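Following: one structure in structure tokens, then a few remarks.
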Amino acid sequence: MSDGSFRLDNQTAIVTGACGRLGPVWAEALVDAGARVAALELAGAPVSAAYKALADRAGDRMSRVDCDVTDRRSIESALEEVIGRLGEPSVLVNNAGIDQPPDAGANRTRIEDLSIEQFRRMVEVNLLGTFQVTQVVGGRMAARGEGSIVNIGSLYASVSPDQRLYDHLPGHLPFLKSPAYGASKAALVNMTKYFATLWGSRGVRVNALSPGGVLGGQDERFLAKYAARVPLGRMAQPDDLKGPLLFLASRASAYVTGHELRVDGGFTAW
Ligand SMILES: NC(=O)c1ccc[n+]([C@@H]2O[C@H](COP(=O)([O-])OP(=O)(O)OC[C@H]3O[C@@H](n4cnc5c(N)ncnc54)[C@H](O)[C@@H]3O)[C@@H](O)[C@H]2O)c1
């Protein structure tokens, strides 16, 4: 928009889990809208080519900071580091999350035997991790009276995985997408509403952005089945996610809070 309401000039944004597949997509949108971006990521986690290219282009407007979202002290020291290097954050993208890849053949189990540890770990990172980052970073925003928090959900926050998308994969047992993933994301969407209502009067907006499947390395049969399942007939391209993120992060959405914006090509409408 020509009035600049989607711009984030002179603002500092934090993205958690920033060096994976979607982290660089959010970071690029924020940098290109004028923000300085703190890329919070596990110490030693590998850096994708997309992240490296963006970091080279962004120069001192982007900075990587070690952070484990499941460790409260790590989050607190990361926030101090961000403030020192880039300034007080006014945008937080809670993106760090774990899932199990569909090719994890060696780890396949029947649902009756699914490890409770796997379930616990997904909740630990996807839900409790986001909660703790929100406590620390969001609490600081609420104290200062401004901020926009975007929690990255998933289409599986709303619907159960369609296991038929995976039933062509070879293996001694069918691949079963874990119930822990959707359960953790559904809880995240509910928690979004909690903080939206709690901090609305303190100038902090809290919304969820729930992507559908994003194109990247899937096999042909999966792609065909997925496309047939989506009203818009394809998976998301990374660029499809940028406008929705900027909308929620910026004053373009000044009167929007507690909302789940589904960016899934209509998957959950069907
Ligand atoms: N890729 C998709 O198709 C898709 C679709 C819907 C939702 N999502 C969600 O988007 C987010 C990003 O997904 P992605 O595809 O980029 O995943 P990814 O695995 O490529 O990246 C996730 C990043 O989070 C980091 N991370 C994991 N545990 C962490 C911890 N304890 N502390 C800090 N960082 C940690 C990882 O090191 C990794 O760099 C996730 O929340 C995911 O659930 C992804």
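With our numbering applied, the sequence shown covers 1195 to 1464.
Every residue, glycine too, gets a C-beta built ideally from N, C-alpha and C.
Keep in mind it's a predicted model, so treat the numbers as computed, not measured.
The beta carbon of A1229 sits closer than 7 angstroms to the beta carbons of L1202, Q1205, T1206, A1207 and V1285 from its chain, once the five residues preceding and following it are set aside; these are given in chain order. Close CB contacts of P1355 within its chain, under the 6 angstroms cut and outside five residues either way in sequence, are with K1371 (chain order). DSSP places V1225 inside the alpha helix (DSSP H), whose first and last residues are G1217 to D1226. According to the DSSP secondary-structure assignment, S1342 is paired through a beta bridge with V1285 and R1399.
If you look at E1235, you'll find it in the beta strand (DSSP E) that goes R1230 to E1235. Here the alpha carbon of I1310 sits roughly 26 angstroms from the alpha carbon of G1407. Residue nearest to S1348 within the set T1328, G1291, S1271 and S1447 is G1291 (criterion: CA-CA distance). Comparing C-alpha distances from M1256 to each of A1237, I1305, A1221 and A1390 shows the shortest one belongs to A1221. In this structure, V1276 is the residue among S1352, R1215, G1397 and V1276 with its C-alpha nearest to the C-alpha of D1254. In the three-state scheme derived from DSSP, where H, G and I count as helix and E and B as strand, P1405 is classed as strand. Closest option to A1336, judged by alpha-carbon separation, among W1464, A1390 and L1439: A1390.
Chain order is used for the residues whose beta-carbon lies nearer than 6 angstroms to a heavy atom of ligand 1, namely T1210, G1211, C1213, G1214, R1215, L1216, G1217, E1235, L1236, A1239, C1261, D1262, V1263, T1264, N1289, A1290, G1291, I1292, D1293, V1319, G1323, I1346, S1348, P1405, G1407 and V1408. The alpha-carbon separation between M1316 and D1293 amounts to approximately 7 angstroms.
Beta-bridge partners of I1208 (DSSP): A1232 and L1286.
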